[in-house]
Each structure stands twice: as C-alpha cells, then as structure tokens.
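Trainee:
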C-alpha cells in the first residue's frame, strides 16, 4: 500500500495509513505494522547540511556513496535516504548556489559602496580564469 494512501483498508498487522504520512518518508519496517519515518522537512535540512559540508570542506562528491559514510548517516537517522553523488552534485548543489546568489543579490542591492577586485591567471591547459570579488563595507 502506498504511503500517502488514505483508504480505510487495513493491512494485516496495523492501522490504515493516514494523511499524515504524506509529510513523511517511510523508512525501514520496525515490526507489527510500524515503520521508521523521517519528516520530509528534516530530510531537506539534512540534505542542505550535507551539501554545505561537502562544498565548504572540499570533500569529493563520490564520498557520499561510500558504505562507511552511508552507515554513519544511517546511525544518525536510520530512515534518512542518503542522496546519490549525482543528486548531491546536481540539484542539491544547484539549490545552494541559488541561495548564495540570492544573498549576494540582496547585499549588492542595498550596498552604498562597492569595490570590485579582480584576479586572473592562466590554467595549465592555457585557458584564462578570472575571479571577481565584490567588497562592501559591511
């Protein structure tokens, strides 16, 4: 039976699913018709924290699928669905970039004085790399 199902039909060992399950991701069965569940809001908080940890510490994205890393996350929250490397480096990273860009846009919008710093160099393959830094008093 599907998690979000609100039918009154009972499973053999438990109550029917109620509408509250549409807010949870069902995890492992605990027996007697009970299941572990992660509130979807918490899953998004964990996803964001993991994404920031990987980006800010330079952890390679492939580590997310390492069995020891997955096990550590499962110990902390058994019903958490660990994202794949593709998801981590895809839409989760894109979401964080969008948040940073929004914050930068707001800072620039209300800044009274902005200094632009520029640094450029040549990569080993001969391509040019430019880095622009905006400095504000705050």
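In the UniProt record's numbering, the protein residues as written are 1 to 138. For glycine and all other residues, C-beta sits at the position ideal for the given N, C-alpha and C.
Do residue 137 and residue 105 have their C-beta atoms closer together than 8 Å?
Mentor: Cβ distance not < 8 Å, so residue 137 and residue 105 don't count as in contact.
Trainee: Does the Cβ-Cβ distance between residue 119 and residue 131 come in under 8 Å?
Mentor: Yes. Within cutoff.
Trainee: With 16 as the cutoff for other CB atoms within 10 Å, does residue 92 come out buried or exposed?
Mentor: Answer is buried; the Cβ neighbour count reaches 16.
Trainee: Where does residue 71 fall in DSSP's three states?
Mentor: Looking at residue 71 - three-state DSSP - the assignment turns out to be helix.
Trainee: Using DSSP's beta-bridge definition, name the partner residues of residue 34.
Mentor: Residue 34 is bridged to 31.
Trainee: Rounded to whole angstroms, what's the CA-CA distance from residue 77 to residue 36? Just pull it up for me.
Mentor: Going by the C-alpha atoms only, they are around 10 Å apart.
Trainee: Taking the beta strand (DSSP E) that residue 135 falls in, what are its first and last residues?
Mentor: Start and end: 128 to 135.
Trainee: In three-state DSSP terms, what is residue 97?
Mentor: Three-state DSSP puts residue 97 in a helix.
Trainee: Give a yes or no on whether the C-beta atoms belonging to residue 81 and residue 25 are separated by under 8 Å.
Mentor: The answer is yes: Cβ separation under 8 Å.
Trainee: Where residue 48 and residue 61 are concerned, what is the direct C-alpha to C-alpha distance, given to the nearest angstrom?
Mentor: Rounded to the nearest angstrom, the two C-alpha atoms are 14 Å apart.
Trainee: Can you list, in chain order, the residues of its chain whose CB lies under 7 Å from that of residue 70, leaving out five sequence neighbours each side?
Mentor: Excluding residues within five positions, the ones whose Cβ falls inside 7 Å are 82.
Trainee: Using a threshold of 8 Å, state whether the C-beta atoms of residue 108 and residue 134 are closer than that.
Mentor: Yes. Within cutoff.
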